[in-house]
Each structure stands twice: as structure tokens, then as C-alpha cells.
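Participant: Please find one structure pasted underneath; my questions will follow.
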Amino acid sequence: MKTLDSILAQRRHIIQSYQTFDIRRASQRIERQFAFFSANLHNIVPLLPKKAYPEIFRKLHANRRLSFIDVEHAPYEHILTISGWDNLWAARLRHCPAIVCTYHTGSYRLINYLLARAGVPFSLLVANGAYRQEQRAMQALYAALAQQAGITLDMELIDAEQPQALIRMARATKQGRSLLVYIDGNTGTTVAGEACRNLLQVDFGLQRMAVRKGMAALAHRLGLPIHPVLCERTPDKHFRYGHSIAYHHLPSLLPLPNEAQHDFADRATRTLYAQLATFVARQPEQWEGWLNIHNQLILDPEPHPAPDLDDLHLWATYRAGNRACLLHLPSYCTYPVPWKLYRQYWGSYNIHFFSDIHTS
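Number 360 marks the last residue of the sequence shown (the UniProt record's numbering); no jumps.
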């Protein structure tokens with residue numbers, strides 16, 4: 001039986017373990033992840049000091065870990081303080097289905113539990129095998145929590161990569177279900193050759209990226225409003241426990257009079273990503289997307305001149321099996337190098353990123 005003290009101790013341990021985590025002694029997987037994370041920050045928010053990268057990286061992973069146990073701890077009183085959640089809005093979804101659009105920010109998994117607690121039948125759009133497996137595990141947890149709270153869980157998963165995804169989504173809304181979409185996961189609603197038709201180039205920081213707009217097109221086709229909801233963790237200045245969760249219900253998106261589906265899909269998708277960009281510029285440590293956004297960026301296809309190896313602040317190091325690699329931050333180009341050169345850059349790299357960081 002969990003007690004308030006044991007739950008707080010668990011949360012404290014998670015935060016402290018990430019606060020003292022030394023990235024310089026990380027596994028190969030984390031070392032590579034930090035290298036590409038650094039390239040993403042370098043290219044999208046170039047004014048952010050590089051010495052801030054390690055702390056943002058630590059907090060990002062702490063936030064990810066807390067987002068799992070927040071759902072588990074939600075039913076316990078005096079653990080999470082949730083503000084900004086609109087219960088009347090959620091109650092209306094029981095009778096007026098909509099597309100609820102959210103992001104991988106803050107305690108992003110918690111919205112599933114809050115919708116279930118409000119008695120909202122909804123379908124969660126998911127993609128890729130690992131994520132579906134994770135969500136099924138979370139779905140089992142939601143079911144257990146719903147039973148504990150004495151409510152009925154009416155949640156289903158829709159695989160966005162399957163050819164029948166659009167049909168299943170339309171059928172779900174006609175059955176009175178809302179759709180829950182994490183738009184920044186770039187979860188699509190089309191497959192194979194049709195997917196290219198749904199790609200839209202949007203500005204994100206100082207870069208452009210290709211995103212899918214099928215969700216907005218579907219909203220227009222079905223006559224459903226898009227309700228953007230952004231979650232923010234509001235910790236104290238030491239990021240000790242992460243108990244406080246704030247929700248921001250952003251203005252709903254609806255077609256203008258006589259607005260064509262194509263135009264609405266473009267406008268709505270750009271608006272949703274602009275809202276995300278504003279948030280992550282203010283709270284970069286709360287967005288999980290920094291770990292993989294390089295897969296969506298539109299990079300210059302022209303060959304780059306040979307990078308200057310002497311410009312140390314433009315390079316990151318990582319290991320890949322028995323290979324040593326240098327990552328050129330501006331271009332994302334990877335260069336296998338001799339271990340001697342890797343160790344030389346590793347030392348300079350650590351001085352550049354970590355000279356002001358003290359870990360225990």
C-alpha cells in the first residue's frame with residue numbers, strides 16, 4: 001500500500017537522479033541522443049547558450065519519467081495539483097465529439113486519465129510499434145485506475161499507419177467518440193503514396209519542417225472543431241517534485257465561412273505548430289520532441305563544403321558500437337573518425353558544454 005511519504009520519496013528520487021546524472025559518463029545510446037539533441041537546439045533556437053543544453057537534457061528526461069508516474073499518482077489526493085483543466089469543456093465532449101489536439105509537453109499522458117475520469121469516450125491515435133506497445137500498457141493502467149475511481153473507461157487505440165485509419169476515425173466520431181491526437185508526434189492519417197500529399201512545410205524556430213495535416217483535413221471533412229490543449233509542468237525553482245500540472249485550453253479551430261478543406265488544413269496545422277513553438281521557446285525542457293525532431297526538418301539537399309574541424313563549438317561526439325563519430329551540428333552530417341581524434345574532440349566538447357556544470 002503506497003503512502004503519501006513513499007510517493008513523495010519516489011518522485012524525489014527520480015528528480016535527484018536526473019539532477020546528478022553525468023552525461024559525460026552516459027551509455028552510447030544516451031551519448032548519441034544528446035549529440036542530436038544538441039544539434040536540434042543549435043539549429044532551431046541558436047541563441048540558447050550551449051552550456052544550458054545539459055541541464056535542459058536532464059530536465060527533459062526527468063519530465064518524461066514523471067509523466068509515467070503522474071498517471072499512477074493522479075488518483076491520490078495531495079500529490080498532483082492540477083490547474084486550468086476545464087471540467088465543463090470535458091463534460092461537453094460527452095455529447096459533442098471533437099478532435100482534441102495536444103502535444104508531448106509537460107505531463108502529456110495525464111490527459112488520457114482526465115478524459116476518462118470525465119466520462120468522455122475517446123479514440124487515441126497512435127503510430128509505430130514501440131509506441132503502440134507503450135500505450136497498451138498505459139491503457140491497462142488507465143483501466144485499473146478507472147476501476148479504482150469507480151468510473152468506466154471508454155478508450156480505444158487507432159493505428160494511424162493502417163490503411164483503414166481514416167475510416168476508423170470517422171466511424172468513431174459518428175459513434176459519439178472524440179479523437180485524441182498528439183500532433184507533434186507527426187502521427188499521420190494516410191499511408192503509402194498518399195502521405196506525401198498531406199505533408200506541409202511549417203516554420204519552427206529558425207528551421208522548417210515537414211508535418212502531416214491529415215488531422216486538420218479530417219476535422220474539416222467531418223465538421224468537427226479542433227480543441228488544442230497544452231500541458232505544462234510548473235515546478236518550483238529547483239524542479240524538485242513536479243507536482244503542479246497546468247493545462248492551457250487554446251482557442252478552438254474551425255473553418256472560416258466558405259474556407260476550403262485545403263486552406264483550413266494548412267491554416268490550422270500552422271497555428272498548432274506555432275503554438276507549440278511559442279511554448280518550447282519558453283520551456284524547452286518540457287518538450288520531448290527535441291529528441292527526434294531532426295527526422296522532420298527540411299535540410300538543405302545541396303552538398304556542404306567540408307566543415308571546419310577547428311571550429312570546435314560546431315561539433316558533438318558520440319560512439320556507435322566500435323566506431324567513433326563526430327556530428328556536425330549545423331548540417332547533421334556524421335563523420336566516422338579515428339578514436340584518437342574522437343578523444344581529442346571529446347575533451348574539447350566537454351569543456352565547451354560542461355565547464356560550468358558540477359555534478360555529484
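C-beta: ideal position from N, C-alpha, C; glycine also.
Between which two residues does the alpha helix (DSSP H) harbouring S17 extend?
Facilitator: Translated into the one-based positions of the sequence shown, residue 17 becomes position 17. DSSP places S17 inside the alpha helix (DSSP H), whose first and last residues are 4 to 19.
Participant: Along the chain, where does the alpha helix (DSSP H) that runs through residue 443 open and close?
Facilitator: The shown model of the chain, from 1 to 360, leaves out residue 443, and the question about it has no answer.
Participant: So what's Q207 in DSSP terms, helix, strand or just coil?
Facilitator: In the sequence shown, the residue the question calls residue 207 occupies position 207. In this structure, DSSP gives Q207 an extended state, which the three-state scheme calls strand.
Participant: Can you tell me whether DSSP reads T269 as helix, strand or coil?
Facilitator: Here the question's residue 269 lines up with position 269 in the sequence shown. Three-state result, T269: helix.
Participant: Decide yes or no for the touch test of the stretch 248 to 264 against the stretch 212 to 223: beta carbon pairs closer than 8 Å, at least 3 of them.
Facilitator: yes
Participant: Which residue comes first and which comes last in the beta strand (DSSP E) that contains T81?
Facilitator: For this step, residue 81 is matched to residue 81 along the sequence shown. Counting along the chain, the beta strand (DSSP E) containing T81 begins and ends at 81 to 83.
Participant: Distance cutoff 8 Å, beta carbons only. Does D184 sit that close to anything in chain D?
Facilitator: Within the model displayed, chain D is absent; a lone protein chain is all it includes.
Participant: Taking the straight line between their C-alpha atoms, what separation do you get for A281 and V45?
Facilitator: Taking the first residue of the sequence shown as position 1, residue 281 is located at position 281. Taking the first residue of the sequence shown as position 1, residue 45 is located at position 45. Per the coordinates, the alpha-carbon of A281 lies some 7 Å from the alpha-carbon of V45.
Participant: Can you list, in chain order, the residues of its chain whose CB lies under 8 Å from that of residue 365, leaving out five sequence neighbours each side?
Facilitator: Outside the displayed range of the chain (1 to 360) lies residue 365, so it cannot be described from this structure.
Participant: Within the same chain, show all residues whose beta-carbon is closer than 8 Å to that of R208, passing over the 5 residues directly before and after it, in chain order.
Facilitator: To locate residue 208, count along the sequence shown from 1; it is residue 208. The answer, listed in chain order, is Q201, V202, L297, I298.
Participant: Taking all protein chains shown into account, decide if T102 is buried (16 or more other Cβ within 10 angstroms of its Cβ) or exposed.
Facilitator: Taking the sequence shown and counting its residues from 1, one reaches residue 102 at position 102. Answer is buried; the Cβ neighbour count reaches 16.
Participant: Go ahead and pull the three-state DSSP assignment for Q201.
Facilitator: Taking the sequence shown and counting its residues from 1, one reaches residue 201 at position 201. The answer is strand: DSSP assigns Q201 an E or B state.
Participant: According to DSSP, is P307 helix, strand or coil?
Facilitator: Position 307 of the sequence shown, counting from 1, holds the residue named residue 307. Coil at P307, not helix or strand.
Participant: Give me the Cα-Cα distance between C333 and A170, rounded to the nearest whole angstrom.
Facilitator: Working through the sequence shown from its first residue, we reach residue 333 at position 333. Working through the sequence shown from its first residue, we reach residue 170 at position 170. The straight-line gap from Cα to Cα measures roughly 42 Å.
Participant: Exposed or buried, Q164, counting other C-beta atoms within 10 Å across all chains shown (16 or more means buried)?
Facilitator: Taking the first residue of the sequence shown as position 1, residue 164 is located at position 164. Under this definition Q164 is an exposed residue.
Participant: Should Q148 and R233 be called a contact, given that it needs their Cβ atoms to be closer than 8 Å?
Facilitator: For the purposes of this step, residue 148 is taken as residue 148 along the sequence shown, with counting starting at 1. For the purposes of this step, residue 233 is taken as residue 233 along the sequence shown, with counting starting at 1. The beta carbons of Q148 and R233 sit no closer together than 8 Å.
Participant: So for A91, helix, strand or coil by DSSP?
Facilitator: Residue mapping note: residue 91 aligns to position 91 of the sequence shown, counting from 1. Three-state DSSP puts A91 in a helix.
Participant: Counting C-beta neighbours from all protein chains within 10 Å, is the total for W315 16 or more, i.e. buried, or is it exposed?
Facilitator: Mapped onto the sequence shown, residue 315 falls at position 315. Classification for W315: buried.
Participant: What do you get for K59, buried or exposed, if any count of 16 or more other CB atoms within 10 angstroms of its CB means buried?
Facilitator: Counting from 1 along the sequence shown, the entry for residue 59 is found at position 59. Looking at its Cβ environment, which holds 16 or more other Cβ atoms inside 10 Å, K59 is buried.
Participant: With respect to the beta strand (DSSP E) encompassing T102, which residues constitute its N-terminal and C-terminal limits?
Facilitator: Looking up residue 102 in the sequence shown gives position 102. From DSSP, the beta strand (DSSP E) with T102 extends over 99 to 102.
Participant: In three-state terms, what does DSSP make of P284?
Facilitator: As a position in the sequence shown, residue 284 is number 284, starting the count at 1. Three-state result, P284: helix.
Participant: Which same chain residues, not among the five before or five after Q10, have their C-beta less than 8 Å away from its C-beta?
Facilitator: For the purposes of this step, residue 10 is identified with residue 10 of the sequence shown, where counting begins at 1. Result list for Q10: I69, in chain order.
Participant: Rounded to a whole number of angstroms, what is the C-alpha to C-alpha distance between T173 and A90?
Facilitator: Residue numbering aside, residue 173 sits at position 173 when the sequence shown is read from its first letter. Residue numbering aside, residue 90 sits at position 90 when the sequence shown is read from its first letter. CA-CA distance, T173 to A90, rounds to 16 Å.
Participant: Return helix, strand or coil for L166, following the three-state DSSP convention.
Facilitator: Looking up residue 166 in the sequence shown gives position 166. Helix at L166.
Participant: Taking just the CA atoms, how far does L4 sit from R221?
Facilitator: Residue mapping note: residue 221 aligns to position 221 of the sequence shown, counting from 1. Residue mapping note: residue 4 aligns to position 4 of the sequence shown, counting from 1. Using only the alpha carbons, I get a separation of about 48 Å.
Participant: Quick one: what does DSSP say I151 is sitting in, helix, strand or coil?
Facilitator: By 1-based counting over the sequence shown, the position of residue 151 is 151. In the structure shown, I151 sits in coil (DSSP, three-state: anything other than H, G, I, E or B).
Participant: Would a C-beta distance cut-off of 8 Å place residue 445 and L153 closer than the cut-off?
Facilitator: An answer regarding residue 445 cannot be provided, because it is not within the stretch 1 to 360 covered by the chain.
Participant: CB S38 to CB S67, shorter than 8 Å?
Facilitator: If you number the sequence shown from 1, residue 38 lands on position 38. If you number the sequence shown from 1, residue 67 lands on position 67. Not closer than 8 Å, so no.
Participant: Rounded to whole angstroms, what's the CA-CA distance from A118 to L41? Just pull it up for me.
Facilitator: Here residue 118 is taken as the residue at index 118 of the sequence shown, counted from 1. Here residue 41 is taken as the residue at index 41 of the sequence shown, counted from 1. Computed Cα separation, rounded: 37 Å.
Participant: Specify the secondary structure class of D159 as computed by DSSP and reduced to three states.
Facilitator: Position 159 of the sequence shown, counted from the first residue, corresponds to residue 159. In this structure, DSSP gives D159 an extended state, which the three-state scheme calls strand.
Participant: Under three-state DSSP, which class holds E232?
Facilitator: Reading the sequence shown from its first residue, position 232 is the one you call residue 232. Of the three classes helix, strand and coil, the one that applies to E232 here is strand, per DSSP.
Participant: Are the CB atoms of T317 and A52 within a distance shorter than 8 Å?
Facilitator: Locating residue 52 in the sequence shown gives position 52, counting from the first residue. Locating residue 317 in the sequence shown gives position 317, counting from the first residue. Taking the C-beta atoms as reference points, T317 is found no nearer than 8 Å to A52.
Participant: Within its chain, find whatever has a CB closer than 7 Å to the CB of P255; leave out the 5 residues flanking it on each side and keep chain order.
Facilitator: If you number the sequence shown from 1, residue 255 lands on position 255. Cβ within range, chain order: H220, F264.
Participant: Helix, strand or coil, according to DSSP, for A143 in the structure here?
Facilitator: The residue you call residue 143 lines up with position 143 of the sequence shown. DSSP places A143 in helix when its eight states are reduced to three.
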